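J.: In the numbering used here, the protein residues as written are -17 to 99.
Beta carbons are placed, not taken as given, at the ideal position from N, Cα and C, and that holds for glycine.
Keep in mind that this is a model prediction, so the values were computed, not measured.
Questions regarding the structure given below will be posed in turn.
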Amino acid sequence: MLTKEQILDSKGKNFFEMVVPEWEGSVNVKIMSGRERDKFEQDIMERKGKEITVNMENYRARLCAICICDEEGRRIFNDKDVALLGEKEGNVLDRIFKFAQKVNGLSEKETEEIEKN
């Protein structure tokens, strides 16, 4: 069984390369930390009276901004870059978004569960 130290010191590969021909290159798409995932889920929630809904504004760009990273696994886009990233081609963002969903275990079903909570 792993010890606390072994778990905290583990340095597994936390990103995958994805070719983006439209941008003539590739991007690294990372697995979010628990903290990043919680923040993403919290940031997309919007309270309207007693109802909680998912804020879909720049939804794809938000996840892409969190998950696109450099070779060290560090984000290359910050939260202020989301609007700029959201101006890129929708079909390309959608493909990166779906890949980020896949590597982070955010299936459509899980996204629906987030909406329910």
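Restricting to Cα atoms, I'd like to know which of Gln24, Glu33, Leu75, Ser15 is closest to Asn40.
T.: Leu75
J.: Considering only their Cβ atoms, is the gap separating Phe79 from Arg56 smaller than 9 Å?
T.: no
J.: Please name the residue or residues paired with Ile34 in a DSSP beta bridge.
T.: Arg29
J.: Which residue marks the beginning of the beta strand (DSSP E) containing Gly7, and which one marks its end?
T.: 7 to 12
J.: Note down, in chain order, each residue of its chain lying with its Cβ closer than 7 Å to the Cβ of Phe81, except the 5 sequence neighbours on either side.
T.: Met0, Val11
J.: Is the beta carbon of Asp25 closer than 9 Å to that of Arg44?
T.: yes
J.: How about Cys49 and Asn73: do their beta carbons lie closer than 9 Å?
T.: Going by C-beta atoms, Cys49 is not nearer than 9 Å to Asn73.
J.: Compare the Cα-Cα distances from Lys(-5) to each of Ile13, Glu23, Gln83, Gly68 and report the closest residue.
T.: Ile13
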